[in-house]
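This report concerns only the one structure given below.
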Amino acid sequence: MTILIQQIINGLQLGFVYALIALGYTMVYGIVRLINFAHGDVFMVGAYFGFYAITRLALPFPLALLVAMAGCAVLGVTIERVAYKPLRRAPRIAALITAIGVSLFLEYFCSLRFVFGPDYRSFPRPFAVRNFDLGGVTVSNIQIMVFAVAIALLVLLQLFVQKTKTGMAMRAVSFDKDTARLMGIDVDLIISITFAVGSALAAAGGVLYGIAYPQINPFMGIMPGLKAFVAAVLGGIGIIPGAMIGALIMGLVEVLSAAFVSSTMRDAFAFGILILVLLVKPAGILGSSTQEKV
Amino acid sequence: MRTRQVIAAGWAIALIVGLAGCGGGTSNEVVIGHVAPLTGDIKTFGESTKNGFQLAIEEANQAGGLLGRVIRTVIVDDKNDPTEAANAAAKLINQDRVHYIVGSVSSKCSIPLSEIAQSNRVLMITPTSTNPKVTVREDGTRKDYVFRACFTDPIQGAAASRIAREQLHAQRAAVLYDVGNDYVKGLAEFFRDAFRGAGGEICAYESYAKDDVDFSALLTKLKGENPDLIFIPDYYNKVGLIAKQARQMGLTAQLLGGDGWDSPEMTRIAGDAIEGGVFTNHYSPQDPRPEVQTWVAKYQAKYGGKPDALATLAYDATLLMLEAIRRAGIDDPTKVRDALAAIRDFKSVSGSITFDAEGNPVKSVAVLQYKNGEQTFMTSIAP
Amino acid sequence: MRLRAGWIALLCAAGLYLIVLITGRTGLLNPYWLQIFQFAGIMTVSGLGLNVIYGYTGQFSLGHAAFYGIGAYTAAFITKSAATGGWMLLPALLAGAVAAGLVAFLIGMPILRLRSDYLGIATLGFGIIVKVLFDNSDAVLPTLGGSRGMTGIPHFTSWTWVFLCVIGAVLLVRNFVYSSHGRACISVREDEIASEAIGINTTQYKTLGFVLGCSLAGLAGGLYAHLYTFLHPMNFDFLKSLDVLLIVVLGGLGSISGTVVAACAWTLLLEGLRVVLPTEILDWRLVIYPLLLIVVMLLRPKGLFGGNEFRFLKPEERR
């Protein structure tokens, strides 16, 4: 039983990191209907920003986190302005392909020697690891920190989206872009803000990931990005709480299937469950099938 | 629109035919090719082998070249992708007209490379690929133009098992391996078979995927089995992670691994977790032999930082190639191949090399241990 | 004569075939480029398959490489196990295509109900599952090699085979698209509800498009296996699916000519960059390639051909 709880905690840790990435995917999709394949690589850049902030600039962890988040917010907005905005009127698939291009570019550019370099870097930990034993279950202070920071950011996001005027504008734009424009909302600005916030969250995810699984490399974003994207869809794409739930489920399924079923087939399991969920609930867990009026 | 398309097509064809025509060396050059993963997930390995290769060639050119001619190199990137490796091989052989290739790093790239080299009678030495199928086909036929400079998976796995049983006195071993990596998987299998054959018990044989960074699930499982030893034949980046997480979880088993552990980054990644860990390698940088010490100094002078096993093997492979060409006395791959196969006790950095009938070097396996953050020589296992 | 454009095109194609064949045999065209041309042809067939699925039937599939892989492993398994002989390639290719089509039919039944982006995820997930199965295939059938790779596949693919398959695929897709079945698929792409309303069995046509497209992928996979003689699961992962998607979108969705041109251009571009770049900046090849991709998409978001076709492919009344 304790093993089960132990694995659940491990799964939740992974799930929270996925959640931070998944939120960016779901917010951007909700607002411009784009699957931003480059998002996983923004996560990677965030991890590197955090790495350099801690090692080169010797910043304390919270400041490094903020620097990484700010840096990626800028990166996200830049990508949006340069690569996606010109394609807003074009077929959706064009922006998707451009996103793939941006993703490849970020990965290979960052692996060039004079940029980040291809080596696997060891991410510095802000404090030494200490384990707490709670009735047979080991929880480390790293895990607690990941939970704390992730939950704090998620709560902040919810407050931002639900209680502020900008958040309301974001919701309006994702509901109906043209009407929002008619209501006087600066749609371009809102889209940029969405990208900025999503990218900042991904950066936070990157830093936390680096601390929890202390290794970063330029290709680290591919798989987590993919899984986070799947998580976002699982929970209902475009729905923020859905992304959180989907991500936690993805993390748990991954860890539990590795622990109790088979580690070789773990990915097959995770995605198999995903397909089953989609077959039962085609619009995702929290998604609602919209009735299309003809 | 139509005329423009036709013109564009015409240019394209002209360009292609033009490019197709050019290439190939002049008669006062010997051309040697190098295939390595210069981009992609194992870029660092490709850079290491490229460094070793280039250093060897530079030295040779400074000493007057080969057969009185300058050595020209052509380096291509295979992205650690078998299809790219095959395309790169075709380019080297047909476009650049090379007769000798040092490469590639991973077995999945070396195997298609070896087939193309063999069918074109181009001599190939892979510095680091350990899958037996690189030099010998599944049906047993030998690709006689293909050699390697490192020991194979079966040898390394067996050596690791001997260490585990004889030196480390392990009875129960757990194995962790990357299911998607042929090198790691191969080593794991050979270790398992050898260990069982030596009377040991494999209490856990678990796999993970390439991109996994969280091993808590696996390690928790392992903890329940309480092994004496954990065999992790993966590369340093993964091993560092696993070691760290294992120690964090309170697993105190002895750690054992293969040559993938060899990297200056290992201690940076693993920290204290790797202390006491043992691994098999191609050579030991502490080996007092002059070949080793001069090599380490040369590499450090040119590239700053100690050479890892891959750079060393690439250097050795290139030296072997150059020596064989010298002995053959002529730029003819068939004659050079014969010269290469006949080499006995060649003094390379990684040991004294003699090739066996399968194109594999008969050499000892060095065994190293991490003590106080440094690699120290433990013992060596003769073939 | 009304058929003139079509005959001219066939003559040009035959001419191209002969030029490459002769220059290849005599050595004017070196085997490297011959190999690249064959690879371009294989990508064309695979791309045509995805074009049928996504360009014409509107089903967003991100798992195309999985079917490519199924075809490759099936065909390779047959030629490795059965008696050898170059003619063996034909039944092997057919078996690969059928196997891929069969799997597509089985997986399509539940999956094709999903809407666009969700279908993408489901096919993506399926692709990953298949790749994991490939990685572990040696536990079931040792000759498949698992993550060690499948070796020893006979080199049966030749320029002739590839060319014939490309011509065959182009003709097949072209005739399919301009038939009533093709029109039904296009209408499903345009508006599923309206299609149902006018009596088109959308499920049937979605499945038909999907199976046809995946069979072409299987065919391409079989050709690939016998060209490179080595199969490794990493060549069938989702990044490879993205490559095919790229080609199809770059060429223009719903354009056969676009897919053909884009497949060739993409292959030649990647290899051209390899040939052209000096050694010191070899690793810039994969930085330049996505930049070019982005630029092309920004300049021509509908793809190079954007739904248009070469004249000779269109039937007479449409010209």
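From first to last, the protein sequence lines are chains G, X and R. Counting from 1, one number per residue, gives the positions in the first sequence under this note's numbering. Counting from 295, one number per residue, gives the positions in the second sequence under this note's numbering. Counting from 678, one number per residue, gives the positions in the third sequence under this note's numbering. Backbone N, C-alpha and C fix where the C-beta goes; we use that ideal spot for every residue, glycine too. On a predicted model such as this, the values are computed, not experimentally measured, just so you know.
| Item | Value |
| --- | --- |
| Thinking just about the alpha-carbon of each residue, which of R/SER857, R/ARG866, R/GLY890 and R/ILE830 is nearest to the one in R/TYR905? | R/ILE830 |
| Using a Cβ-Cβ cut-off of 7 Å, state whether R/ASP914 counts as contacting chain X. | no |
| Rounded to a whole number of angstroms, what is the C-alpha to C-alpha distance between X/THR670 and X/TYR577? | 11 Å |
| Going straight from the alpha carbon of X/ALA453 to that of X/ASP447, what length do you get? | 10 Å |
| Which word fits X/GLY552, buried or exposed, when buried means at least 16 other C-beta atoms lie within 10 angstroms of its C-beta? | buried |
| Secondary structure at R/THR734, three-state DSSP: helix, strand or coil? | coil |
| Given R/SER824, which residues of its chain have a CB within under 7 Å of its CB, disregarding the five upstream and five downstream residues? | ASP812 and PRO910 |
| Does any residue of chain X bring its CB to less than 7 Å from the CB of G/ALA38? | no |
| Is the CB-CB distance between G/VAL115 and G/PHE109 below 7 Å? | yes |
| Let me see if you follow: with CB-CB separation under 7 Å, is X/GLN348 close to chain R or not? | no |
| Between which residues of its own chain and X/PRO558 is the CB-CB distance below 8 Å, once the five residues before and five after are set aside? | GLY599, LYS600 and ASP602 |
| I'd like the list of long-range same chain contacts for G/SER288, defined as Cβ closer than 6 Å, with 5 residues on each side in sequence excluded. | none |
| Quick one: using the 10 Å Cβ neighbour count with 16 as the cut-off for buried, is X/PRO655 buried or exposed? | buried |
| In terms of residues, what are the limits of the beta strand (DSSP E) holding X/ASP610? | Looking at the DSSP string, X/ASP610 is not in any beta strand (DSSP E); the run it does join, the alpha helix (DSSP H), is 603–622. |
| Does the CB of G/THR98 have a neighbour CB from chain R at under 7 Å? | yes |
| Determine whether the Cβ of R/VAL888 lies closer than 7 Å to any Cβ atom of chain G. | no |
| Could you compute how far the alpha carbon of G/ARG56 sits from the alpha carbon of G/ALA203? | 18 Å |
| Is X/ASN666 buried or exposed, if buried means 16 or more other CB atoms sit within 10 Å of its CB? | exposed |
| When the Cα of G/LEU276 is compared with those of R/THR703, R/ILE784, R/SER934 and R/THR751, which residue comes out closest? | R/ILE784 |
| Ignore the nearest five residues each way along the sequence and tell me which others in G/GLY236's own chain have a CB closer than 7 Å to its CB. | GLY242, ALA283, GLY284, ILE285, LEU286 and GLY287 |
| When you compare each of X/ILE336, X/ALA411 and X/PHE509 to G/ASN10 by their alpha carbons, which one comes out closest? | X/PHE509 |
| Any Cβ of chain C within less than 7 Å of the Cβ of R/ALA894? | The displayed structure is made up of protein chains G, X and R, and chain C is not among them. |
| List the DSSP bridge partners of X/HIS328. | X/ILE369 and X/VAL396 |
| Given this structure, state the Cα-to-Cα distance separating G/MET44 from G/PRO214, to the nearest angstrom. | 13 Å |
| Report the neighbours of G/ASN10 on chain X: residues whose CB is nearer than 8 Å to its CB, in chain order. | ASP508, SER510, ALA511 and THR514 |
| Using the three-state DSSP reduction, which class does G/ALA204 fall into: helix, strand or coil? | helix |
| Any beta carbon from chain G within less than 7 Å of X/ILE301's own beta carbon? | Residue placement at X/ILE301 is flagged as unreliable, the pLDDT there being 48, under the threshold of 50; the coordinate-derived value follows with that caveat. No - not a single Cβ of chain G is within 7 Å of the one on X/ILE301. |
| Looking at X/LEU332 and X/ILE619, is the spacing between their C-beta atoms short of 7 Å? | no |
| Measuring CA to CA, which of X/THR574, X/VAL659, X/ARG456 and X/LEU512 is closest to X/ALA488? | X/ARG456 |
| Could you tell me the alpha carbon to alpha carbon distance between X/GLN539 and G/MET168, rounded to whole angstroms? | 43 Å |
| Quick check on DSSP: helix, strand or coil for X/ALA651? | coil |
| Take the Cβ of G/TYR18 as the centre, count every other Cβ of all protein chains shown within 10 Å, and call the residue buried at 16 or more, exposed below. | buried |
| Just checking: is the beta-carbon of R/PHE907 within a distance shorter than 7 Å of some beta-carbon in chain X? | yes |
| Using three-state DSSP, classify X/GLN587 as helix, strand or coil. | helix |
| Along chain G, which residues have their Cβ under 8 Å away from the Cβ of R/ASN813? | THR264 and MET265 |
| State the DSSP-derived secondary structure class of X/LYS665, mapped to helix, strand or coil. | strand |
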